[in-house]
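Number of protein chains: 2
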Amino acid sequence: MTGHAHTHALPAGDALTDAARNAMARAGEQWTAMRASVFDALVGFEKPASAYDIAEAVSRAQGRRVAANSVYRILDLFVTANVATRVESANAYIANAHPDCEHDCIFLVCDDCGATTHIDDDSITESVRMAARKAGFRPTKPVVEVRGTCADCA
Amino acid sequence: MTGHAHTHALPAGDALTDAARNAMARAGEQWTAMRASVFDALVGFEKPASAYDIAEAVSRAQGRRVAANSVYRILDLFVTANVATRVESANAYIANAHPDCEHDCIFLVCDDCGATTHIDDDSITESVRMAARKAGFRPTKPVVEVRGTCADCA
DNA sequence: CTCTATAATGTTATATTGTATCGTCACATG
DNA sequence: CATGTGACGATACAATATAACATTATAGAG
Chain A
1 MTGHAHTHAL PAGDALTDAA RNAMARAGEQ WTAMRASVFD ALVGFEKPAS AYDIAEAVSR
61 AQGRRVAANS VYRILDLFVT ANVATRVESA NAYIANAHPD CEHDCIFLVC DDCGATTHID
121 DDSITESVRM AARKAGFRPT KPVVEVRGTC ADCA
Chain B
1001 MTGHAHTHAL PAGDALTDAA RNAMARAGEQ WTAMRASVFD ALVGFEKPAS AYDIAEAVSR
1061 AQGRRVAANS VYRILDLFVT ANVATRVESA NAYIANAHPD CEHDCIFLVC DDCGATTHID
1121 DDSITESVRM AARKAGFRPT KPVVEVRGTC ADCA
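As you go down the protein sequences, you meet chains A and B in turn. My numbering applies: residue 1 is where the first sequence begins, and numbers increase by one. My numbering applies: residue 1001 is where the second sequence begins, and numbers increase by one.
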């Protein structure tokens, strides 16, 4: 697994949804109305959103009560299909801006406003994996998140 | 902030407790019987322990019911004083083997058995901080954890 | 040493996050 | 139509975390 560098044409709006649907298709998963709603809600949040936040948003959008349960199931699928990522240090989820390529994302989480951006630096995440291997550990998923203060809040 | 390399004479048993007590003292915090109990319980676990696990262990050790609440308070102090660290991806806490020196720890968490080891590689964590700064972010605490399989479970 | 201010802990309640179980519905296929 | 499968709903519950306020312990001032 070698690092790769590139610039992303970040999908947005419909293009983003298309990319997500395609990623789900590649994972052999359907793209249902419910999943689209959850995805829309997820994208609608600026910050990482909890499953309950999303359940509430979807409930509002659909004018009926949607249980967190269902949202969790769908979020899990999203994470598996690389359509969303779980931000561990926030117990929350964020949409993946480019589901097409697999990265070990690095998240920058502002403790002040909650805004979360992500950077891709494969050289860093690969050195993390390497260090783990050197310790006799077989890495599956690096979790690299940085808590701190974003430019706006500094 | 430059990296530093060293070998640790890992404190254990009483020496570990002493190191913890000293670290708390440096942080201007007391070392009470309750805090000693929580620390003992924390050290007694091989794996990262949840606040509730610890509450249960302390309850057993003291023959009375200790509420999770109190444990959380003390764990927070421990984390602040660098006596323990929170493993974000496990919602659990682990004792810090060398509270004397400040590291951005890297945790290797086995998804199979839960065993968690840590490595200190300041060059990696520093490059994480650097990458964050390059993105206009002011890092406070990098969270670097690796999920995977430990040598024993491989 | 006693008084008092403050820190530490206890107690209870509640909020938030996450899983498990099972029933029902929609749809595809023979 | 019968039947199988995957998606979703509904409910219950488990696990994690915080809030609010009462009580107890402790350090320092006097």
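Just so it is clear, CB atoms sit at the ideal spot from N, CA and C, and this is done for glycine as well. Predicted, not measured: the structure shown is a model, and the values here were computed from it.
Going by DSSP, residue 55/A is part of the alpha helix (DSSP H) stretching over 51-62. In this structure, the straight-line span from the alpha carbon of residue 56/A to that of residue 1110/B is close to 34 angstroms.
Inclusion of residue 1043/B and residue 1090/B in the CB contact set at 8 angstroms is not warranted, their separation being larger than that value. Along the region 1107-1118 of chain B, going in chain order, the ones with a CB nearer than 8 angstroms to a CB of chain A are 1108, 1110, 1111, 1117. Taking C-beta atoms as the reference points, residue 1049/B and residue 1099/B fail to come closer than 8 angstroms.
Separation of the CB atoms of residue 1125/B and residue 1106/B is rounded to 7 angstroms, and the pair is thereby assigned contact status at 8 angstroms.
Under DSSP, the beta-bridge partners assigned to residue 110/A are 148/A. In terms of Cβ geometry, residue 1061/B and residue 1024/B do not form a close pair [threshold 8 angstroms]. The beta-bridge partner set that DSSP reports for residue 85/A consists of 94/A. Using beta-carbon distances, residue 1148/B counts as an interface residue toward chain A, with a partner under 8 angstroms. Residue pairing by DSSP places residue 1118/B opposite 1107/B in a beta bridge.
In this structure, residue 1140/B lies near residue 149/A, with their beta-carbon atoms less than 8 angstroms apart. The C-beta of residue 1145/B has 16 or more other C-beta atoms within 10 Å across all chains shown, which makes the residue buried.
Per DSSP, the unbroken alpha helix (DSSP H) holding residue 39/A starts and ends at 33-44.
Residue-level contact check: residue 1080/B does not touch chain A, since none of the beta carbons of chain A fall below 8 angstroms from its beta carbon. Residue 1119/B and residue 35/A have their C-alpha atoms some 40 angstroms from each other.
Counting the other Cβ atoms within 10 Å of the Cβ of residue 1102/B gives fewer than 16, which makes it exposed. Assignment of residue 1134/B by DSSP, reduced to helix, strand and coil, places it in the helix class. Residue 131/A and residue 39/A have their C-alpha atoms roughly 35 angstroms apart. Taking C-alpha positions only, residue 1083/B is separated from residue 30/A by approximately 47 angstroms.
According to DSSP, residue 79/A shares a beta bridge with no other residue.
Distance check between residue 13/A and each of 28/A, 128/A, 41/A, 78/A places 41/A closest, using alpha-carbon atoms only.
DSSP, read as helix, strand or coil, puts residue 1066/B in coil.
In terms of Cβ geometry, residue 15/A and residue 1136/B do not form a close pair [threshold 8 angstroms]. With a 10 Å radius around the Cβ and a threshold of 16 neighbouring Cβ atoms, residue 51/A comes out buried. Any Cβ of chain B closer than 8 angstroms to the Cβ of residue 121/A would place that residue at the interface, and such an atom is present. Within its own chain, the residues whose Cβ lies closer than 6 angstroms to the Cβ of residue 1113/B, once the five positions on either side in sequence are excluded, are 1153, listed in chain order.
What residue 1132/B touches in chain A, judged by beta-carbon distance under 9 angstroms, is 106, 108, 119, 146, 148, going in chain order. Just measuring C-alpha positions, the residue of 46/A, 104/A, 67/A sitting nearest residue 122/A is 104/A.
Taking 7 angstroms as the upper bound on Cβ-Cβ separation, chain B lies near residues 89 of the region 89-102 of chain A. Among the residues of chain B, none has a CB under 7 angstroms from the CB of residue 47/A; the nearest is roughly 15 angstroms distant. Nearest CB-CB separation between residue 85/A and chain B: not below the 8 angstroms threshold.
Burial is judged here by how many other beta carbons sit within 10 angstroms of a residue's own beta carbon; residue 1046/B has fewer than 16 and is exposed.
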